[in-house]
Structures are given as C-alpha cells and as structure tokens.
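Residue numbers (our numbering): 89 to 698.
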C-alpha cells in the first residue's frame, strides 16, 4: 500500500488492498466497542460492571477505540504505512490521555449514558473530533508525499482538508440512510407478524459492526472517487462565496450603525460576545470560500474579491467588540467555564483578524498571506485544545481559582456568591473548594460563607446521588406520611420501575432520610379506582391503578404559584375533583389542552364554586 496523489485514484490492486485494510479496521473497532459497551443484562449487571466502577480506565479506552481506527480509515491509501501507524498511535494515546483527565476532573457536568455507563464530557467529544480532523490533514500532507517535501504547499492542505471533511460528512449521511433502510425493512416485517429483523438490528452485536463497516465502505468509495469530491467542493464553495458580498454589506451596515447609536443595547443582549464571534467565524468561512486554494489559475469575480477584502478588514472590529464584551462580563462576574472557552475562541478570532488584515498590506498576490494565517491557526487550535482539556489550563480549575479569589478579596459579597457554580462546573476542584470554605472560612462573613458552602455541598451530594439510588422500601416507610392515617403505600411505589416514568428521577425521600414526603389517597370520580397524590419537596405527582390493578404515573399537578391555596398543606387541604375551566380540543386526531391565562385566585375560586 503506497501513498497516492489525492487527484489520482490508486491502481486496482491497491484499491482492493486498501478496502481490505479498512474493512478489517472497522471489524476490529466494532469488536473493541462491543467488549467495552457490553455489561450483561439487567440493572445489577450495569451497576456491577467494571466500566462503571473504573471510569478512569473505561473512558480513555472508549475514546481511543473511537478515534484511533478513524485515523486508519482516513489515512489508508493517502499516508505511508509506518507514518500512518505512528499517527494512529499518537491519536490513541492523545485521546486516552485527555479521556483520563476527563475522568479525573469529575463534577456534575460529566454525563452518563442511558444504560448507566459513564461517558466523556460532551465538549471533549467535539474538541477531539475537530482536533482529530485538523491533525489528520496536517499529518496526511506531511507524510503523504516524498519525505523531502518538508513544507507541503497550501494547495495540498486545502485539497486534503476538503477531501477529508466531505468524506466524513458523506459517511455520516450514508450511515443515517443505511439505518433508515434497516428500520424501514424491519417495520415492514413487523407489519406481517415477523419481529425477528427488528430484534436483530436492535442488538449491539449487529448494530456496532454494521455501523463501523458502513462508515468504512462510505469512506472507501468517496476516497477513490476523487472527481466526485472535487465536483462537490467546487459547487459548495462557489455557491457560498456569493454570500460573502451580502455578509460584508450587513456587517458594514452594523458597524456604521454602532457609530450612530450607543453600544449599550448590544451589551444588554448578554450574548454579544457569542453573536460577534459567530459572525466572525462565518466571515472567515465565506472569505475562504471565495479565496479557495489561491492557485494562480483561479480568478474570483471582482465583486467577491472586493467583498473578501472588506470582510478581512471587518474582522478586526468584530473580534475587538467580542473581546470587549467578554471582558465586561468577566469584570462584573469573574471567569466561568464558558467565558474561559470564549477567551480561547477570541484568541483564535484575533489570530484570523490580524492575519487576514495583514494579507491586504503590500501582498505579492491577492490576500496571499491568508494561507500562512490559516496554516498557523491550525497549529494554534491544536495547542488550545491540548491545553483546555488537560491539566494545563482546564477551564474548571481556572474558574474555581478565580471565583474563590473574588470571594476572598471582597469583589463579590458572600451572600451573593454563586456557590452552586463551584460544584456544577468546577469538577473536583469546585467540591474541594467548597469543603475548604465550609471548614476553614475566616473573616467577618465567615459564618455566612460556611453556611452557604455546606448548603451547596448538600445540594451536590443530593444531585450526585440522584441517579444512582433506587427506592428503599424501609426508608420510604419512615419518610413518607400516608393519608388517611392507617393506610400504606402500594407495593408498586416501592419498586424502581414506576419511578422511571418521572422526568427527574426519584423523590428525595426515597434515598435521603432527612427528607419528608406525603402521599394521600383521593377519589378522582365516583366509580373510578382510588388515586394517590404524592407530594415531594418540589413536585406533585398523581398515581392511579389501571383496570388490571397495575399502578402508573398518570400526571403531575400544576397550580397558580401566586395562590396561597396552591401551597396549602396536603394534610388539611380540601381535595376534590372539579371540572376543567376550559375543555380540551380535538384537532384531527390530536388532543390539545387549552392552558388558561393567569387569573386571580379569588375569581378562579368563584368560578369553581359556580
């Protein structure tokens, strides 16, 4: 298997060999993913699985298994074998290293999969995907040609980036249509009483290899169809480049309007930095759609060329205003995880803005220095990803350090400090800081700080344990007051299945012996099964048995927050069913509920009495 030019399909023998490499890689990836994701049947198996008990091993292995084979799929036929293997090893080690740090950082922003297995932080998935794409382009260009070509030309960077980008997009589109066909076929068989196909495609043993092989085939087909890729690229870039004059005119009008109006309305939006950075990113994309690979034979329409130069100048005020907006928020509220990430994006935006503006100054050719800016920005992006998702500059650690410093130097009052942000966004650094505040706070407001820190730690403990607990029958017997006196909870409410119907998990009294809940049997209508009104510290739920005696959650209760009667104790309140204020409507086959507008409690009570 040897490297080939991106514009020339490999010989037939090489194509077969490359296809075999991709299929074997996909099969190996599917086997590894199955071994990582398989836990056995039942909830107990998931809770006792090694993946849940050892996230510091499982998460790095999962990320390495996802991303390393993709490097082989995209690099086969375009990189020499030894560099390709070394690059795959770099991807595996890099992904595993960042995954290990992600498992260490902890915090409530670490999500879990539906089957209970831990998953990496979602922003890490996005960052690794983007960094892997950039790195794949740079490594393919460096090791896809003769070794003496130490500095691949910008044209090759451009062609490789668009080839890989379109391959990935088309592969995912193909995968989506592939599964649509499978689900359609399974549904057809189910309509005639044959559920086996639907049961088969739902199994991980089929779904994983089917998906990885489908992606491998899609990447292979798009890899050898270079003319298809070039045609799609030319169409996309030419089409989008005609949006550049419109975008440049809109931004010019916006900046001119700012000179006539105050900046205050822009700051009051509270998303000015995001809006400005998004506009700058779109401008960069459209300028590149116009410039394309910058080859001498490529000539852009004069209108688009002038729009590109105007857009390059407009990037400076756009990014400058975004930096201004960000520093205003930081000065007012300090650093948060989002603001630290926004600062990194501002750095990238400033790099592009300065580089593109410099490309207009005494350039040898039209915006020629743009090429150096794009290439250096790729390396800057890789450095920022490595820093932000590693211990070097983890946003959670930096946020906690800054917020604690603001609290200690008096920049924010202890009673106005956001203690919950420390455990929500700060990872283990935030919980450690809260523990330190709860135990060692000093100064005139030490009592307030200790009290608020302990409350935040209690909230963290409840939220952290919220998902993992199942209802404890003995605990519920102690923490739930059942009315009328002498009644007991039905057995169904002592089992986890019925509580899974709730959007937010278990009531607090199901796992915290300090909490109290109340359950009251009520009659909704004569002749109907007796219902149970279950009151948590923040919610009201209604359970009722069906005709077979199986209890189910039938709905939740919502009242007017401004009415005192809505908060009346369930023990003394008069509870009885009343007709709905407004009927439901049937629109076609869909039942629609009319939500009454807010009204006074007195008028509602009077109407109900009538």
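Each residue gets a CB set at the ideal place from its N, CA and C atoms; glycine is no exception.
Judging by CA-CA distance, which residue of the options is the nearest neighbour of residue i?
| i | options | result |
| --- | --- | --- |
| residue 144 | 541, 159, 169, 209 | 209 |
| residue 41 | 222, 260, 267 | Given that the chain is displayed from residue 89 to residue 698, the structure contains no residue 41 and the question cannot be resolved. |
| residue 419 | 402, 599, 491 | 491 |
| residue 488 | 507, 518, 188, 666 | 518 |
| residue 568 | 548, 595, 333, 547 | 595 |
| residue 153 | 121, 166, 173, 178 | 121 |
| residue 620 | 601, 576, 585 | 576 |
| residue 364 | 325, 404, 327, 390 | 404 |
| residue 587 | 570, 639, 547 | 639 |
| residue 241 | 456, 616, 542 | 456 |
| residue 338 | 182, 317, 370 | 370 |
| residue 462 | 163, 375, 114, 167 | 375 |
| residue 83 | 110, 401, 529 | Not covered by the structure: residue 83. The range shown for the chain is 89 to 698. |
| residue 503 | 473, 475, 539, 524 | 539 |
| residue 156 | 329, 466, 219 | 219 |
| residue 343 | 407, 602, 642, 622 | 407 |
| residue 607 | 159, 390, 565 | 565 |
| residue 427 | 483, 115, 325 | 483 |
| residue 444 | 372, 412, 382, 277 | 372 |
| residue 314 | 508, 165, 673, 336 | 165 |
| residue 252 | 226, 271, 273, 266 | 226 |
| residue 187 | 259, 509, 473 | 473 |
| residue 390 | 422, 366, 333 | 333 |
| residue 618 | 665, 298, 471 | 665 |
| residue 300 | 383, 179, 139, 116 | 116 |
Return helix, strand or coil for residue i, following the three-state DSSP convention.
| i | result |
| --- | --- |
| residue 644 | strand |
| residue 148 | helix |
| residue 393 | helix |
| residue 598 | helix |
| residue 250 | helix |
| residue 568 | strand |
| residue 577 | coil |
| residue 503 | coil |
| residue 126 | coil |
| residue 662 | coil |
| residue 583 | coil |
| residue 636 | coil |
| residue 604 | coil |
| residue 523 | helix |
| residue 142 | coil |
| residue 429 | helix |
| residue 733 | The first residue shown for the chain is 89 and the last is 698, placing residue 733 beyond what the model contains. |
| residue 322 | helix |
| residue 533 | coil |
| residue 107 | helix |
| residue 560 | coil |
| residue 488 | helix |
| residue 669 | coil |
| residue 555 | In this predicted model, residue 555 has a pLDDT of only 49, less than 50, meaning its place in the structure is not dependable; the value taken from the coordinates is given anyway. Three-state DSSP puts residue 555 in coil, outside helix and strand. |
| residue 497 | coil |
Residue i and residue j look like a contact to me (Cβ under 8 Å); what is the Cβ gap, rounded to whole Å?
| i | j | result |
| --- | --- | --- |
| residue 561 | residue 582 | 4 Å |
| residue 292 | residue 126 | 7 Å |
| residue 468 | residue 436 | 7 Å |
| residue 148 | residue 184 | 4 Å |
| residue 306 | residue 268 | About 14 Å separates the two Cβ atoms, so there is no contact after all. |
| residue 189 | residue 477 | 7 Å |
| residue 361 | residue 430 | 6 Å |
| residue 541 | residue 525 | 4 Å |
| residue 398 | residue 340 | 7 Å |
| residue 413 | residue 355 | 6 Å |
| residue 176 | residue 191 | Going by Cβ atoms, the distance from residue 176 to residue 191 rounds to 22 Å, so no, they are not a contact pair. |
| residue 378 | residue 392 | 5 Å |
Residues bridged to residue i by DSSP?
| i | result |
| --- | --- |
| residue 679 | 674 |
| residue 609 | 620 |
| residue 631 | 620, 641 |
Practice problem: Pick out the complete alpha helix (DSSP H) segments inside the stretch 436-486, 4 residues or longer, and give them in chain order. | Solution: Entirely contained in the stretch 436-486, the alpha helix (DSSP H) runs reaching 4 residues are, in chain order, 458-476.
Exercise. Just list the alpha helix (DSSP H) runs in the stretch 155-220, keeping only unbroken ones of 4 residues or longer that don't cross its boundaries, in chain order.
Key: Taken in chain order, the whole alpha helix (DSSP H) runs of length 4 or more contained in the stretch 155-220 are 169-193.
Self-check item: Completely contained alpha helix (DSSP H) runs for the stretch 256-319, where each covers 4 or more residues
Solution: Segments of the alpha helix (DSSP H) lying fully in the stretch 256-319: 284-289, 292-312.
Self-check item: Runs of alpha helix (DSSP H) lying entirely within the stretch 346-425, each at least 4 residues, in chain order
Solution: Fully enclosed alpha helix (DSSP H) runs of 4 or longer: 352-356, 360-379, 390-421.
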